[in-house]
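Structure first, commentary second.
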Amino acid sequence: MTTPIERTERAVRHRPQLAEFATDPVAVTAATSFALCAVVAIFDVRIGFNTLSIKDEGYLWYGAQRVLAGEWPVLDFRSYDPGRYLWSAAWQRFLGDGIVALRTAAWIFGAVGLTAGLLALRRVIRTIPGLVAAAVVLITWMVPRHKRFDCVLPMAAVLGAVRLIERRDPASHIVAGIVAGLIAFFGRNHGLYLAIGMTAIVWFIAPPERGAFRRGFAQLTAGALIGYLPMFLLWVVFPRYLPAFLALNADVVARGTNAHLPIPWPWLGGNPKSVVLGTLLVVAPLTYGITAVHLLRRRRSLHGPYDALRLATTAIGFPYLHHAFDRAEPLHFFQASAPFLLLIITYAVTAWHRRERRVVAIAVLGALVAVTLFLPLTRWELYRYVVSPESFRTATVGTDELMVNDRAVKTLRLFERVEEIAGGDAVLVTTNYPSAYAIMQKRAPVYDTYMFWKRTKRQQAEILRQLESNGARWALVMSERKLRRTNRLLYQHLNNNWERVAIEGLPVRGALFQDPS
């Protein structure tokens, strides 16, 4: 038992360490980021398992489970790029393979990315309350939850770009390249966007002397190759990995990355949220464009953190507009929004520091808060639960207890019944319900667990071969119409050669098939 004097002496000894922590900008920023994310995550991880979770979040969840089982993304199952699966599986090894553990891993990654974004903003925001306010806005835009990786990766890129602009030495070029290469390991589309954005920055800051841009670009490229080393190692260790990677990319290029939607230009009218989204799709490129023109006019006279942050957010953010326009709906805009938000906050804070422009700052910040409350906040399951708790009930999702809506309860009960009927047999679930495999703790009998896209005859023949070789005896078809449209040969095979089995809870257009052999 310690005496009061000993406790006082211990406090005095630790006081310098606490004081040092309080004055360390990186430590304070990281603490702010992780604390805020932890507060939100405590409530968020157990709220909601909607249609988007059953389909898209399940794509990440199932993949992380397969990594825990010793399989590899892209090589053994269709997936995003490996980084996010390896990160999720690493945390799930300690936290369990359930959906709560997956969401926790995504939140930890989100806190890391948010820290990078706040470190970039510290160049113009010096106070803790200001950082907290900025963090709250950025967190609100970090939806959907399974795309939290994509929401925060651009923040890390902006920080790397700012350091490059400020230092302009070989080391900063290489570090910026490493950041871009490592981010590409989490998403090759990010790698493409950052290749454009970082190259533009290298050109912009290159001295007028001959060969300066080539040297900077070479250093950036060297760093990118270093950052992408994990992927190169996979290609070397697994001889089939590179062919699988190229085949996956060829398929994506052939069909596109997303189901395109018409751009909701604000002058076309529509519901309020469409008008707000359309306005953002106009304001974002205009803001980037005006900023770029202004910076180009002052290319040789840029100085200070304000200019560095404007250049970094504009160069990094502009290529990401492709993602926002590729499927013009709110969730895709949110994923591409981080550089735009950082730029808007930079403009607003800088205007606030000038007394004559504070009215402009208030107007910009007011508009940002209003849009944040109206658009991204309402897409949170946590928000929906707070607004309408009576529409949620407790349900078991895999090994976790979540609060979900009635529609999700029906789907989860259907998965439970199929699991009981199938026993230990392999089950095919179509068209895009990979969460069923994660919930039932079953390995998919086919490589492609997300049959949303139309497949060629050759691809469908391969699916049928995999079904046979993996001994699949059951097929849960959530929508016969969709399967018939995307995989006609597969549907015909099931409909003509397998038997239909009656089961309670099937969707109106769904069916359960059993192989009679």
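In my numbering, the protein residues as written are 141 to 657. For glycine and all other residues, C-beta sits at the position ideal for the given N, C-alpha and C.
For residue i, three-class secondary structure by DSSP
i: Asp-540; result: strand
i: Leu-568; result: strand
i: Thr-454; result: helix
i: Thr-486; result: helix
i: Leu-326; result: Leu is not the amino acid found at residue 326; the sequence shown has Phe there. Here Phe-326 sits in helix by DSSP.
i: Pro-213; result: strand
i: Thr-148; result: Interpretation of Thr-148 is limited by its pLDDT of 45, a score under 50 that renders its predicted location unreliable; no figure is taken from the coordinates.
i: Glu-639; result: strand
i: Arg-262; result: coil
i: Ala-241; result: helix
i: Asp-196; result: helix
i: Glu-559; result: helix
i: Ala-246; result: helix
i: Tyr-587; result: coil
i: His-658; result: The first residue shown for the chain is 141 and the last is 657, placing residue 658 beyond what the model contains.
i: Val-648; result: coil
i: Tyr-368; result: coil
i: Leu-442; result: coil
i: Ala-346; result: coil
i: Val-319; result: helix
i: Arg-467; result: coil
i: Arg-218; result: coil
Unbroken beta strand (DSSP E) run spanning residue i, endpoints
i: Gln-654; result: 651 to 654
Buried or exposed by the 16-neighbour rule on C-beta atoms within 10 Å, applied to residue i
i: Thr-570; result: buried
i: Leu-426; result: exposed
i: Ile-318; result: buried
i: Phe-161; result: Any reading at Phe-161 must be qualified, since the residue scores a pLDDT of 46, below 50, and its modelled position is unreliable; the value itself is stated next. By the neighbour-count rule (16 or more Cβ atoms within 10 Å), Phe-161 is not buried but exposed.
i: Arg-380; result: exposed
i: Val-276; result: exposed
i: Arg-218; result: buried
i: Ser-173; result: buried
i: Ala-274; result: buried
i: His-286; result: buried
i: Ala-511; result: Just to set this straight, residue 511 is Val in the shown sequence, not Ala. Buried, because 16 or more other Cβ atoms sit within 10 Å of the Cβ of Val-511.
i: Ala-197; result: Note on residue identity: the sequence assigns Glu, not Ala, to residue 197. Looking at its Cβ environment, which holds 16 or more other Cβ atoms inside 10 Å, Glu-197 is buried.
i: Phe-234; result: exposed
i: Lys-195; result: buried
i: Asn-329; result: buried
i: Gln-632; result: exposed
Boundaries (first-last residue) of the alpha helix (DSSP H) holding residue i
i: Arg-380; result: First-last for Arg-380: undefined, no H or E at that position.
i: Asp-290; result: 288 to 307
i: Lys-622; result: 620 to 626
i: Val-504; result: 498 to 514
i: Tyr-577; result: 575 to 580
i: Thr-596; result: Run containing Thr-596: none; DSSP gives neither H nor E here.
i: Glu-521; result: 521 to 527
i: His-472; result: 470 to 475
i: Leu-271; result: 268 to 280
i: Tyr-225; result: 222 to 235
i: Gly-126; result: The question about residue 126 has no answer, for the chain in this structure spans 141 to 657.
i: Ile-403; result: Where Ile-403 is concerned, there is no enclosing alpha helix (DSSP H), given that its DSSP letter is neither H nor E.
Strand pairing of residue i, partner residues [DSSP]
i: Trp-614; result: Val-567, Gln-654
i: Ile-187; result: Met-543
i: Thr-534; result: Met-543
The segment 446 to 465 contacting the segment 268 to 284, beta-carbon criterion three pairs below 8 Å: no
Any contact between the segment 293 to 300 and the segment 255 to 264? By contact I mean 3 or more CB pairs, one from each, below 8 Å. Yes: at least three Cβ pairs fall under 8 Å.
Check whether the segment 263 to 270 and the segment 484 to 491 touch, using three or more Cβ-Cβ pairs below 8 Å as the test. yes
Within the chosen definition, does the segment 612 to 625 reach the segment 558 to 575 through at least 3 CB pairs nearer than 8 Å? Between the segment 612 to 625 and the segment 558 to 575 there are three or more inter-stretch CB-CB distances shorter than 8 Å, so the stretches are counted as touching.
Are the segment 533 to 546 and the segment 232 to 248 touching, with three or more C-beta to C-beta distances below 8 Å? yes
Evaluate the contact criterion for the segment 207 to 220 versus the segment 302 to 313: three or more CB pairs, one atom per stretch, below 8 Å. no
Check whether the segment 391 to 408 and the segment 601 to 610 are in contact - that is, three or more C-beta pairs closer than 8 Å. no
Contact between the segment 321 to 339 and the segment 364 to 377 is defined here as three or more beta-carbon pairs at a separation below 8 Å; is this criterion met? yes
Closer than 8 Å is the cut-off here; do at least three beta carbon pairs connect the segment 183 to 200 with the segment 514 to 525? yes
Stretch-stretch touch, CB-based, cutoff 8 Å, three pairs: the segment 615 to 635 with the segment 570 to 589: yes
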